[in-house]
Amino acid sequence: MGTCQTNQDHSTMKNKALISFLIMLVGSFLSGYFGPWWAPAAFIVIATALAGLPVRQAMGIGALASGMVYLFMASWMNTLDNAEIIRKTGLLLGGLSPVMMIAVTTLIGAVTGLLSGWLGSALGAILTSKKD
Amino acid sequence: MKQFLIPALLFSGWMAILNTDIPAKGNFLPALGRFMSPFQGIWQSVVAEETSFDLMGGTKGEVRILFDERDIPHIYAQSLEDALYAQGYLHAANRLFAMDISTRSAAGRLSELIGPKTLAIDRKQRERGFESSAIQKAKNWENFEGNKALIDAYTNGVNAYISSIDYKHWPMEYKILSHEPVKWTSVHTALAFTNLAIALCLGEDDLEYSTAKAKLSPDDYAFLFPEHNPKESPVIPAEKKWDFKSNNAPKNETDKSLPVMQGSADDSRQDDLNGSNNWAVAPSKTAHGFAMLANDPHLNLALPNIWYEMEIHTPEMSVHGVSMPGLPFILIGFNDSIAWGSTNSGQDVLDWYQITWQDSSRRAYKLDGKYVEATLRPEEIKVRGQQSEIDTIRYTHWGPVTHTDEHKDMAMKWIGHQKATSNDLDYLKKINKAANVNDYRDAVASFQYPAQNKIFASNQGDIAISVAGVMPLRPPGNGETLTSGETTANDWQGYIPFDQAPYIINPSRGYVSSANQAPAAPDYPYPLIGARTFEDYRGRIVNMVLDTSSGMTPADMEALQQNNYSLHAAELLPMLLSALDSAHCLSGKALAMAAQLSRWNYQFDQDSLSPIYFDLWYKEFETMTWDELDNMGVMQPEEWRLVEIARDHPDNKYFDRLTTLDIKETMPDIACASFTKMVNAFIDLPDEQEKNWGAYKQSNIPHLARFPHFGVDFIPTSGGRHIVNAMNKTHGPSWRMVVELSKPTKAWVNYPGGQSGNPASPHYHDMLDHYFEGKYYEVTIQKDPASWVPVRQIKITPQ
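Top to bottom, those sequences are chains A and B. Take the first sequence: its position 59, counting from 1, is numbered 177 in my numbering, and each next residue is one higher. Take the second sequence: its position 452, counting from 1, is numbered 455 in my numbering, and each next residue is one higher.
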């Protein structure tokens with residue numbers, strides 16, 4: 119019974135994490151698309167706070183979701199870059215190749231997601247404790 | 004709480020870092036949060052949105068803008084105001100950053116955008132008072148009937164575009180510089196006018212001439228710097244008779260105690276490449292029996308191009324040509340009846356006056372025997388990333404007094420300041436809708452500055468050229484050198500009356516032309532100052548070709564625009580080669596190079612080697628000849644004068660070199676010595692440069708803000724200095740236009756660039772290949788919007 123309960127909890131947590139990740143993936147994308155540059159960060163903070171994710175999970179999911187959205191978008195835009203704007207801008211910024219530009223963009227997205235997840239989780243913890 | 008504080012602090016810190024511009028090696032790294040955002044930042048600048056759309060605008064009626072395959076907009080509007088609104092919108096949509104940077108440059112506000120790197124430029128611009136006179140100009144426009152509505156319409160159009168874009172749609176230059184586009188005002192338009200004047204009529208050599216006069220004997224000065232080039236072929240041909248006398252005042256006493264330059268004269272002739280060609284031929288000289296007109300203004304080339312091509316239709320006019328973003332109307336172009344163009348006249352319309360201050364406080368200056376208070380105007384120069392700098396500019400009777408450069412304590416009297424209150428729009432309004440030669444002359448009468456050779460042809464068969472723009476009348480002897488500012492007797496005495504300014508209509512030779520040479524022959528009653536800024540060869544080549552041409556076709560006009568013949572080389576090289584022959588001073592490779600030069604046809608073709616030899620040789624020859632002058636800090640005489648002296652005075656003392664005390668050299672000795680140096684200089688050239696003239700010249704078109712990689716790095720080109728095809732390293736024909744005044748008017752045009760200012764657009768430089776292959780696009784005015792199929796369109800409906 120105990121083992122069954124634990125497995126169920128584990129499975130629920132996994133599902134919650136997966137759903138949270140998907141929500142953050144879609145939310146980051148939509149908030150980034152329609153909002154200001156910091157909108158994905160704000161979305162992740164709010165989403166992780168409401169989901170009540172534990173710190174590590176919130177940080178991981180935030181980083182992964184935001185990083186993946188940034189990676190996907192940067193890679194996609196790079197394929198549209200017939201005029202090599204990114205290559206030229208990278209050179210202007212000290213010699214970054216398009217791959218490095220994508221990497222830096224992804225890193226910015228991931229770190230922003232990580233810190234947003236952490237803050238959201240902490241905020242969630244406070245909210246939960248106040249409810250209790 | 005601690006569990007919340009740490010992530011909150013880290014998150015806030017990280018977001019603050021992402022939101023902050025970071026200083027780096029004198030530049031600024033843009034705030035990375037938005038800049039690297041794949042939804043907002045530079046990633047969104049990789050795609051240009053050039054689609055059809057409708058917008059609600061501040062027009063009175065509906066405006067349709069149809070774009071052809073080169074993305075040339077054809078504006079169809081019900082009123083001139085609506086057309087200018089659309090023009091302002093299109094200028095902003097395609098050249099917003101160029102408009103901003105050029106007006107900032109004139110105003111002395113670059114440092115607000117760039118930082119301390121441009122502070123010296125800003126200081127110089129501020130102390131020359133350009134922004135102050137632009138403010139005055141903008142204010143004054145409103146005094147002229149109808150102007151306010153036109154300027155407001157243009158301004159509103161620009162701002163309609165600016166309001167419509169968010170960060171994601173900012174031009175990428177703004178993203179890189181992390182600076183928001185600012186709203187356009189009439190002062191910006193005035194600054195755009197001023198910027199044009201700065202580029203075209205700020206040239207002078209007052210201090211250089213003063214130094215030469217002070218350091219040389221009167222005989223030497225007269226020998227080296229004669230007033231007229233005897234071979235000159237002036238803009239107005241000799242057949243024009245002047246039936247009036249100048250009303251200049253008697254000559255003033257020359258002030259012998261004027262200061263001279265310290266150190267070497269900065270001989271900037273090599274950089275003074277702004278110029279242009281234009282000519283018009285009468286129907287009697289053309290194959291099709293229609294007058295034809297050609298114009299190619301030479302300017303610093305940049306991407307995006309300085310020009311924006313467009314066509315404007317209103318009930319009162321249908322006009323096609325190039326506009327200059329920041330300014331309303333078409334500047335060079337054609338309509339149903341006429342074509343017009345411009346070259347710079349090169350008149351000296353800037354004089355420097357030496358100020359004598361009462362004391363070191365520099366508050367009062369001597370004028371007509373007493374001390375007069377200067378007007379002190381504080382100027383705040385905002386500098387990105389550091390504290391603003393406050394400078395105090397002193398305004399005198401003459402104009403602003405400079406204090407930061409070689410013109411220390413000299414007051415600047417400039418036509419741009421003197422005529423700041425003129426009605427600049429009047430000329431443009433009139434010329435855009437002119438229908439005949441009388442309309443053209445009426446328009447030219449309104450033109451104020453910079454002085455230009457305004458050329459004209461009509462479908463009635465008339466051709467004309469006018470040296471347009473106000474030209475100051477000075478006491479004889481003044482204007483060429485630094486003048487004493489202690490007496491108003493040295494002041495300008497008015498301007499040459501319009502009807503006495505040089506012009507000619509339908510000359511008997513069957514053509515009119517100009518290429519920045521002297522406006523009129525020496526018998527013209529008024530002194531025309533500008534010797535070193537007048538071109539001495541291009542005009543002669545154009546006139547030589549036109550003199551001997553008949554049955555000309557548009558293709559002949561195009562060929563003349565791309566003529567690579569160097570008259571300078573043709574006149575000097577045989578003398579130099581003959582000197583080498585007589586001196587027997589060459590052997591080996593040098594001999595072979597001389598032999599190759601002797602077979603040269605004086606064409607500066609890109610695949611030829613001889614132009615490199617000549618260019619290098621001439622530079623060495625000039626430097627060796629004028630070593631005494633360089634040593635004294637005196638400017639070098641003009642090139643044509645060196646050719647004359649080499650021909651007529653080969654034993655002249657200036658050929659004797661300073662470094663060889665025991666030998667007295669003559670011209671052949673200098674020819675030999677400079678040839679040997681040329682051979683070594685050629686051998687020392689980098690491999691990629693010694694292939695041919697095109698490779699040597701390294702022509703390129705940089706980005707307007709000199710962002711590396713956003714220009715075109717290397718284009719092999721023919722042509723060069725003193726050549727009709729005046730293509731230099733980064734300077735050359737910025738717009739080529741040939742118009743046949745048939746019915747309907749036909750034109751062939753091209754320019755080095757493209758319509759879009761967005762580097763991501765296929766129209767950023769799509770005309771470059773065609774341009775450098777010497778090809779043109781045929782254009783006819785499309786009066787009926789239903790008669791052709793646009794690639795895309797914008798519809799503006801009134802709000």
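Think of the CB as a built atom: it goes at the ideal place given N, C-alpha and C, for glycine as much as any other residue. These numbers were taken from a predicted model, which means no experiment stands behind them.
Quick one: what does DSSP say residue i is sitting in, helix, strand or coil?
i: residue 373(B); result: strand
i: residue 308(B); result: coil
i: residue 254(B); result: Model confidence at residue 254(B) stands at a pLDDT of 46, short of 50, so the residue's coordinates are unreliable; what they give is reported in the following sentence. In this structure, residue 254(B) counts as coil in the three-state DSSP scheme.
i: residue 640(B); result: coil
i: residue 712(B); result: coil
i: residue 753(B); result: strand
i: residue 805(B); result: This structure cannot settle anything about residue 805(B), because the visible part of chain B is limited to 4 through 802.
i: residue 168(B); result: coil
i: residue 246(A); result: helix
i: residue 778(B); result: coil
i: residue 266(B); result: With a pLDDT of 46 at residue 266(B), under the threshold of 50, the modelled position of that residue is not reliable, and no figure is offered here.
i: residue 798(B); result: strand
i: residue 404(B); result: strand
i: residue 259(B); result: Low confidence applies here, because residue 259(B) scores a pLDDT of 46, under 50, leaving its location unreliable; read the following figure in that light. In the structure shown, residue 259(B) sits in coil (DSSP, three-state: anything other than H, G, I, E or B).
i: residue 6(B); result: helix
i: residue 396(B); result: strand
i: residue 703(B); result: coil
i: residue 791(B); result: coil
i: residue 151(B); result: helix
i: residue 289(B); result: strand
i: residue 247(B); result: coil
i: residue 413(B); result: strand
i: residue 354(B); result: strand
i: residue 606(B); result: strand
Whose C-alpha, out of the options, is nearest the C-alpha of residue i?
i: residue 3(B); options: 338(B), 660(B) and 58(B); result: Within the shown structure, residues of chain B are numbered from 4 to 802, placing residue 3(B) beyond reach of any answer.
i: residue 801(B); options: 67(B), 54(B) and 405(B); result: 67(B)
i: residue 328(B); options: 456(B), 420(B), 187(B) and 203(B); result: 187(B)
i: residue 240(A); options: 192(B), 11(B) and 29(B); result: 11(B)
i: residue 143(A); options: 244(A), 176(A) and 220(A); result: 176(A)
i: residue 145(B); options: 765(B), 333(B), 697(B) and 193(B); result: 193(B)
i: residue 437(B); options: 463(B), 414(B) and 453(B); result: 463(B)
i: residue 313(B); options: 298(B), 435(B) and 369(B); result: 435(B)
i: residue 452(B); options: 213(B), 433(B), 199(B) and 398(B); result: 199(B)
i: residue 40(B); options: 174(A), 191(A) and 208(A); result: 191(A)
i: residue 82(B); options: 59(B), 208(B) and 320(B); result: 320(B)
i: residue 38(B); options: 71(B), 92(B) and 176(B); result: 176(B)
i: residue 244(A); options: 523(B), 450(B) and 6(B); result: 6(B)
i: residue 421(B); options: 29(B), 773(B) and 353(B); result: 353(B)
i: residue 22(B); options: 44(B), 8(B) and 4(B); result: 44(B)
In the DSSP assignment, the beta strand (DSSP E) including residue i goes from what residue to what residue?
i: residue 514(B); result: 514 to 517
i: residue 129(B); result: Element bounds for residue 129(B): not the beta strand (DSSP E) but the alpha helix (DSSP H), 122 to 130.
i: residue 382(B); result: 378 to 384
i: residue 76(B); result: 76 to 79
Since I believe residue j is in contact with residue i (beta carbons under 8 Å), could you give me their beta-carbon distance rounded to a whole number of angstroms?
i: residue 590(B); j: residue 300(B); result: With a Cβ gap of about 46 Å, residue 590(B) and residue 300(B) do not count as contacting.
i: residue 283(B); j: residue 302(B); result: No, residue 283(B) and residue 302(B) are not in contact; Cβ-Cβ is about 21 Å, not under 8 Å.
i: residue 759(B); j: residue 51(B); result: 6 Å
i: residue 593(B); j: residue 678(B); result: 6 Å
What residue does the alpha helix (DSSP H) around residue i start on, and which one ends it?
i: residue 455(B); result: Residue 455(B) -> not in any alpha helix (DSSP H); beta strand (DSSP E) instead, spanning 455 to 461.
i: residue 281(B); result: Taken as a continuous stretch (DSSP letters only), residue 281(B) belongs to no alpha helix (DSSP H), being part of the beta strand (DSSP E) at 278 to 284.
i: residue 736(B); result: Residue 736(B) -> not in any alpha helix (DSSP H); beta strand (DSSP E) instead, spanning 734 to 736.
i: residue 218(B); result: 209 to 218
i: residue 133(B); result: 133 to 144
i: residue 177(A); result: 173 to 197
Between the region 343 to 377 of chain B and chain A, which residues of the former have CB atoms less than 8 Å from a CB of the latter, in chain order? none
Which residues, in chain order, does the region 26 to 49 of chain B contribute to contact with chain A at a C-beta distance below 8 Å? 32, 35, 36, 37, 39, 40, 41, 42, 43, 44, 45, 46, 47, 48 and 49
Given a limit of 7 Å on CB to CB distance, which residues of the region 180 to 204 of chain A reach chain B? 188, 191, 192, 195, 198, 199, 201, 203 and 204
Under 9 Å, CB to CB, which of the residues in the region 698 to 720 of chain B have a partner in chain A? 710, 711, 712 and 713
Against chain A: residues of the region 94 to 125 of chain B by CB proximity under 7 Å: none
Counting only Cβ-Cβ distances shorter than 9 Å, please list the residues of the region 151 to 164 of chain A near chain B, keeping chain order. 151, 152, 153, 154, 155, 156, 157, 158, 159 and 163
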